[in-house]
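So the structure is just underneath, and the comments pick up after that.
Numbering (our numbering), first residue to last: 95 to 311.
As C-alpha coordinates, then:
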(Lines of atoms letter the chains of each structure in order from A; the text may use other names.)
(Lines give C-alpha, C1' and ligand atoms only; values in the text may rest on other atoms or scores of the structure.)
Protein backbone atom coordinates (compact mmCIF):
# COMPACT_ATOMS: atom_id res chain seq x y z
CA UNK A 95 0.00 0.00 0.00
CA UNK A 96 1.21 3.51 -0.89
CA UNK A 97 -0.56 6.53 0.57
CA UNK A 98 0.58 10.10 -0.11
CA UNK A 99 -0.92 13.36 1.13
CA UNK A 100 -0.19 16.99 0.35
CA UNK A 101 0.87 17.99 3.87
CA UNK A 102 0.96 15.95 7.06
CA UNK A 103 0.10 19.07 9.04
CA UNK A 104 -3.04 19.62 6.97
CA UNK A 105 -5.80 17.57 8.58
CA UNK A 106 -8.08 18.14 5.59
CA UNK A 107 -5.81 16.12 3.26
CA UNK A 108 -6.99 18.08 0.22
CA UNK A 109 -4.67 16.34 -2.25
CA UNK A 110 -4.01 12.63 -2.00
CA UNK A 111 -2.91 9.46 -3.76
CA UNK A 112 -3.64 5.89 -2.68
CA UNK A 113 -2.41 2.69 -4.29
CA UNK A 114 -3.40 -0.71 -2.97
CA UNK A 115 -1.59 -3.47 -4.84
CA UNK A 116 -2.13 -7.22 -4.88
CA UNK A 117 0.20 -10.02 -6.11
CA UNK A 118 -2.15 -10.95 -8.93
CA UNK A 119 -1.36 -13.65 -11.45
CA UNK A 120 0.69 -15.85 -9.10
CA UNK A 121 -0.29 -18.02 -6.14
CA UNK A 122 -0.25 -15.86 -3.03
CA UNK A 123 -1.22 -17.05 0.46
CA UNK A 124 -2.42 -13.53 1.26
CA UNK A 125 -5.16 -13.91 -1.37
CA UNK A 126 -6.51 -17.23 -0.11
CA UNK A 127 -10.24 -16.86 0.44
CA UNK A 128 -10.30 -13.47 -1.33
CA UNK A 129 -11.64 -14.19 -4.84
CA UNK A 130 -12.51 -10.54 -5.49
CA UNK A 131 -9.12 -9.03 -4.61
CA UNK A 132 -7.83 -6.46 -7.09
CA UNK A 133 -5.40 -3.57 -7.33
CA UNK A 134 -6.87 -0.14 -6.77
CA UNK A 135 -5.65 3.42 -7.18
CA UNK A 136 -7.27 6.65 -6.06
CA UNK A 137 -6.58 10.36 -6.52
CA UNK A 138 -7.98 13.15 -4.35
CA UNK A 139 -8.46 16.79 -5.33
CA UNK A 140 -10.23 19.57 -3.40
CA UNK A 141 -13.41 21.15 -4.74
CA UNK A 142 -11.40 24.36 -5.04
CA UNK A 143 -9.51 22.73 -7.93
CA UNK A 144 -12.80 22.11 -9.72
CA UNK A 145 -14.01 25.65 -9.07
CA UNK A 146 -10.75 27.21 -10.26
CA UNK A 147 -10.06 25.11 -13.35
CA UNK A 148 -13.55 23.96 -14.33
CA UNK A 149 -14.98 20.51 -15.10
CA UNK A 150 -13.39 20.12 -18.53
CA UNK A 151 -9.90 20.41 -17.06
CA UNK A 152 -10.76 17.90 -14.35
CA UNK A 153 -12.21 15.46 -16.86
CA UNK A 154 -9.13 15.73 -19.08
CA UNK A 155 -6.86 15.14 -16.09
CA UNK A 156 -8.84 12.11 -14.95
CA UNK A 157 -8.78 10.47 -18.38
CA UNK A 158 -5.07 11.21 -18.77
CA UNK A 159 -4.34 9.52 -15.44
CA UNK A 160 -6.54 6.56 -16.35
CA UNK A 161 -5.20 6.02 -19.88
CA UNK A 162 -2.17 3.82 -19.01
CA UNK A 163 -3.94 1.85 -16.27
CA UNK A 164 -5.37 -1.65 -16.94
CA UNK A 165 -8.70 -0.88 -15.27
CA UNK A 166 -12.12 -2.44 -15.71
CA UNK A 167 -14.01 0.13 -13.64
CA UNK A 168 -13.36 3.63 -12.38
CA UNK A 169 -15.24 6.70 -11.27
CA UNK A 170 -14.73 10.42 -10.76
CA UNK A 171 -17.04 12.60 -8.71
CA UNK A 172 -17.77 14.32 -5.44
CA UNK A 173 -17.26 12.44 -2.19
CA UNK A 174 -17.03 12.75 1.54
CA UNK A 175 -13.43 13.22 2.65
CA UNK A 176 -12.46 12.09 6.13
CA UNK A 177 -11.09 9.30 8.28
CA UNK A 178 -14.18 7.11 8.28
CA UNK A 179 -12.69 4.75 10.85
CA UNK A 180 -12.50 7.45 13.53
CA UNK A 181 -15.22 7.40 16.17
CA UNK A 182 -18.26 9.39 15.16
CA UNK A 183 -17.17 10.24 11.61
CA UNK A 184 -19.38 7.67 9.88
CA UNK A 185 -22.30 8.82 12.01
CA UNK A 186 -21.85 12.34 10.63
CA UNK A 187 -21.60 11.00 7.08
CA UNK A 188 -24.74 8.92 7.62
CA UNK A 189 -26.64 12.04 8.70
CA UNK A 190 -25.98 13.65 5.30
CA UNK A 191 -25.45 10.95 2.68
CA UNK A 192 -29.11 10.31 1.86
CA UNK A 193 -29.81 14.00 1.35
CA UNK A 194 -26.83 14.37 -1.01
CA UNK A 195 -26.81 11.14 -3.05
CA UNK A 196 -24.11 12.38 -5.43
CA UNK A 197 -21.52 12.36 -2.63
CA UNK A 198 -19.70 9.04 -2.62
CA UNK A 199 -18.40 7.26 0.49
CA UNK A 200 -15.06 5.84 -0.69
CA UNK A 201 -13.45 2.94 1.15
CA UNK A 202 -10.51 2.00 -1.10
CA UNK A 203 -8.80 -0.37 1.34
CA UNK A 204 -12.01 -2.39 1.69
CA UNK A 205 -13.05 -2.29 -1.95
CA UNK A 206 -9.62 -3.45 -3.14
CA UNK A 207 -10.40 -6.77 -1.46
CA UNK A 208 -14.12 -7.06 -2.17
CA UNK A 209 -15.13 -5.29 -5.39
CA UNK A 210 -13.85 -7.77 -7.98
CA UNK A 211 -15.45 -7.48 -11.43
CA UNK A 212 -18.34 -5.42 -10.12
CA UNK A 213 -19.15 -1.72 -10.08
CA UNK A 214 -20.08 0.85 -7.48
CA UNK A 215 -22.88 3.38 -7.76
CA UNK A 216 -22.73 5.95 -10.58
CA UNK A 217 -20.56 9.04 -10.34
CA UNK A 218 -20.13 12.07 -12.59
CA UNK A 219 -17.65 10.04 -14.65
CA UNK A 220 -18.04 6.27 -14.78
CA UNK A 221 -15.29 4.49 -16.71
CA UNK A 222 -15.92 0.93 -17.86
CA UNK A 223 -13.52 -1.62 -19.30
CA UNK A 224 -13.62 -5.34 -19.96
CA UNK A 225 -15.39 -7.57 -19.19
CA UNK A 226 -18.22 -5.28 -18.01
CA UNK A 227 -18.39 -3.09 -21.11
CA UNK A 228 -18.45 -6.18 -23.32
CA UNK A 229 -21.27 -7.71 -21.30
CA UNK A 230 -23.20 -4.47 -21.82
CA UNK A 231 -22.78 -4.88 -25.57
CA UNK A 232 -20.08 -2.26 -26.04
CA UNK A 233 -20.09 1.52 -26.03
CA UNK A 234 -22.72 1.86 -28.76
CA UNK A 235 -25.19 -0.40 -26.97
CA UNK A 236 -24.57 1.42 -23.71
CA UNK A 237 -25.13 4.77 -25.41
CA UNK A 238 -28.48 3.60 -26.78
CA UNK A 239 -29.73 2.89 -23.25
CA UNK A 240 -28.93 6.33 -21.83
CA UNK A 241 -31.18 9.20 -22.86
CA UNK A 242 -30.87 11.76 -20.06
CA UNK A 243 -29.98 15.28 -21.25
CA UNK A 244 -26.26 15.92 -20.90
CA UNK A 245 -25.26 12.26 -20.67
CA UNK A 246 -22.52 11.22 -23.09
CA UNK A 247 -20.68 7.97 -23.79
CA UNK A 248 -17.17 8.30 -25.22
CA UNK A 249 -15.18 5.34 -26.49
CA UNK A 250 -11.62 5.05 -25.19
CA UNK A 251 -8.64 3.01 -26.35
CA UNK A 252 -8.45 -0.58 -25.21
CA UNK A 253 -12.17 -1.41 -25.57
CA UNK A 254 -13.16 0.96 -22.81
CA UNK A 255 -15.58 3.87 -22.47
CA UNK A 256 -16.41 6.76 -20.16
CA UNK A 257 -19.95 7.83 -19.29
CA UNK A 258 -20.24 11.52 -18.37
CA UNK A 259 -23.36 12.64 -16.51
CA UNK A 260 -23.70 16.32 -17.32
CA UNK A 261 -21.25 19.19 -17.47
CA UNK A 262 -20.49 19.38 -13.73
CA UNK A 263 -20.45 16.78 -10.95
CA UNK A 264 -23.52 17.14 -8.75
CA UNK A 265 -24.18 16.36 -5.10
CA UNK A 266 -27.96 16.48 -5.49
CA UNK A 267 -30.30 17.45 -2.68
CA UNK A 268 -33.31 15.22 -2.07
CA UNK A 269 -34.90 17.82 0.21
CA UNK A 270 -34.94 20.21 -2.76
CA UNK A 271 -36.14 17.59 -5.25
CA UNK A 272 -32.69 17.20 -6.85
CA UNK A 273 -32.72 13.40 -7.17
CA UNK A 274 -30.18 13.20 -10.03
CA UNK A 275 -32.26 11.40 -12.69
CA UNK A 276 -29.26 10.85 -14.99
CA UNK A 277 -27.47 9.02 -12.17
CA UNK A 278 -30.58 6.93 -11.55
CA UNK A 279 -30.80 6.01 -15.23
CA UNK A 280 -27.18 4.79 -15.32
CA UNK A 281 -27.68 2.91 -12.05
CA UNK A 282 -30.53 0.91 -13.58
CA UNK A 283 -28.34 -0.05 -16.54
CA UNK A 284 -25.47 -1.13 -14.28
CA UNK A 285 -27.62 -2.82 -11.63
CA UNK A 286 -26.68 -6.43 -12.61
CA UNK A 287 -23.04 -5.62 -11.81
CA UNK A 288 -23.66 -3.49 -8.71
CA UNK A 289 -21.50 -4.31 -5.71
CA UNK A 290 -23.22 -4.82 -2.36
CA UNK A 291 -21.02 -4.75 0.70
CA UNK A 292 -21.01 -7.98 2.67
CA UNK A 293 -22.81 -7.59 5.95
CA UNK A 294 -20.49 -6.07 8.48
CA UNK A 295 -22.25 -4.70 11.52
CA UNK A 296 -21.82 -0.95 11.77
CA UNK A 297 -23.94 0.71 14.46
CA UNK A 298 -23.28 4.09 12.84
CA UNK A 299 -24.58 2.97 9.44
CA UNK A 300 -27.12 0.16 9.79
CA UNK A 301 -28.90 1.05 6.52
CA UNK A 302 -25.83 0.81 4.31
CA UNK A 303 -27.64 -1.38 1.76
CA UNK A 304 -30.26 1.33 1.30
CA UNK A 305 -27.48 3.81 0.57
CA UNK A 306 -25.88 1.46 -1.97
CA UNK A 307 -29.25 1.33 -3.75
CA UNK A 308 -30.00 5.05 -3.36
CA UNK A 309 -30.28 5.51 -7.13
CA UNK A 310 -32.44 2.42 -7.60
CA UNK A 311 -35.14 2.38 -4.93
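A virtual CB, placed ideally from N, CA and C, is assigned to each residue, including glycine.
Would you mind reading off the limits of the beta strand (DSSP E) that contains residue 38?
Missing from the structure shown is residue 38; the chain here goes from 95 to 311 and no further.
Below 8 angstroms on the Cβ atoms is my contact criterion, and I expect residue 258 with residue 245 to pass it. Report the Cβ-Cβ distance as a whole number of Å.
In the chain shown, the residue the question calls residue 258 occupies position 164. In the chain shown, the residue the question calls residue 245 occupies position 151. Right, the Cβ-Cβ distance comes to about 7 angstroms (below 8 angstroms), so this counts as a contact.
Is it the case that the Cβ atoms of residue 256 and residue 219 are separated by a distance below 8 angstroms?
Taking the chain shown and counting its residues from 1, the one referred to as residue 256 is at position 162. Taking the chain shown and counting its residues from 1, the one referred to as residue 219 is at position 125. It is a contact, given that the beta carbons lie within the stated cut-off.
Find the nearest neighbour of residue 275 within the set 99, 191, 217 and 290, judged by alpha-carbon distance.
Within the chain shown, the letter at position 181 stands for residue 275. When C-alpha distances from residue 275 are compared across 99, 191, 217 and 290, the shortest belongs to 217.
Proximal residues to residue 254 (C-beta, below 8 angstroms), its chain only, five neighbours per side dropped
As a first step, residue 254 must be located in the chain shown, where it is residue number 160. Answer for residue 254: 165, 221, 222, 223, 224 and 227, listed in chain order.
Using 10 angstroms around the beta-carbon of residue 146, count the other beta-carbons present and answer buried if the total reaches 16, otherwise exposed.
Residue numbering aside, residue 146 sits at position 52 when the chain shown is read from its first letter. With fewer than 16 other beta carbons inside 10 angstroms of its own, residue 146 counts as exposed.
Does the Cβ of residue 263 have 16 or more other Cβ atoms within 10 Å, making it buried, or fewer, making it exposed?
If you number the chain shown from 1, residue 263 lands on position 169. Residue 263 is classed as buried because its beta carbon has at least 16 other beta carbons within 10 Å across all chains shown.
Looking at the unbroken alpha helix (DSSP H) that takes in residue 278, where does it start and where does it end?
Counted from its first residue, the chain shown places residue 278 at position 184. Taken as a continuous stretch (DSSP letters only), the alpha helix (DSSP H) holding residue 278 covers 275-284.
Among 187, 284, 261 and 270, whose alpha-carbon lies nearest the alpha-carbon of residue 239?
Looking up residue 239 in the chain shown gives position 145. For the set 187, 284, 261 and 270, the Cα lying nearest the Cα of residue 239 is the one of 284.
Can you tell me which of 261, 125, 282 and 249 puts its alpha carbon nearest to the alpha carbon of residue 310?
Residue numbering aside, residue 310 sits at position 216 when the chain shown is read from its first letter. Between residue 310 and the set 261, 125, 282 and 249, the nearest pair of CA atoms involves 282.
Can you give the Cα-Cα distance for residue 113 and residue 204, rounded to whole angstroms?
Your numbering for residue 113 matches position 19 in the chain shown. Your numbering for residue 204 matches position 110 in the chain shown. Spanning the two alpha carbons is a distance of roughly 12 angstroms.
Are the segment 168-182 and the segment 136-155 in contact at 8 angstroms, needing three or more beta carbon pairs?
At 8 angstroms Cβ cutoff, the stretches touch.
Measuring CA to CA, which of 181, 235, 183 and 141 is closest to residue 265?
Within the chain shown, residue 265 is the residue found at index 171, counting from 1. Shortest Cα-Cα distance from residue 265 to any of 181, 235, 183 and 141 involves 141.
Do you know offhand how far residue 135's Cα is from residue 186's?
Residue numbering aside, residue 135 sits at position 41 when the chain shown is read from its first letter. Residue numbering aside, residue 186 sits at position 92 when the chain shown is read from its first letter. Taken atom to atom, the span from the alpha-carbon of residue 135 to that of residue 186 is near 26 angstroms.
Measure the CB-CB distance between residue 115 and residue 98 and report whether it falls below 8 angstroms.
Residue mapping note: residue 115 aligns to position 21 of the chain shown, counting from 1. Residue mapping note: residue 98 aligns to position 4 of the chain shown, counting from 1. No; because the gap between Cβ atoms is not below 8 angstroms, this pair is not in contact.
Roughly how many angstroms separate the alpha carbons of residue 209 and residue 131, rounded to a whole number?
Here the question's residue 209 lines up with position 115 in the chain shown. Here the question's residue 131 lines up with position 37 in the chain shown. Whole-angstrom Cα-Cα distance: 7 angstroms.
Whose CA, out of 189, 249 and 138, lies closest to the CA of residue 302?
Counted from its first residue, the chain shown places residue 302 at position 208. When 189, 249 and 138 are compared, the shortest CA-CA separation from residue 302 is found for 189.
Give me the Cα-Cα distance between residue 200 and residue 252, rounded to the nearest whole angstrom.
As a first step, residue 200 is located in the chain shown; it is residue number 106 there, counting from the start. As a first step, residue 252 is located in the chain shown; it is residue number 158 there, counting from the start. About 26 angstroms.
Quick one: what's residue 135 bridged to in DSSP?
Along the chain shown, one-based indexing puts residue 135 at 41. As computed with DSSP, residue 135 is found in a beta bridge with 113.
In this structure, does DSSP put residue 219 in helix, strand or coil?
Position 125 of the chain shown, counting from 1, holds the residue named residue 219. The DSSP-derived three-state label of residue 219 is strand.
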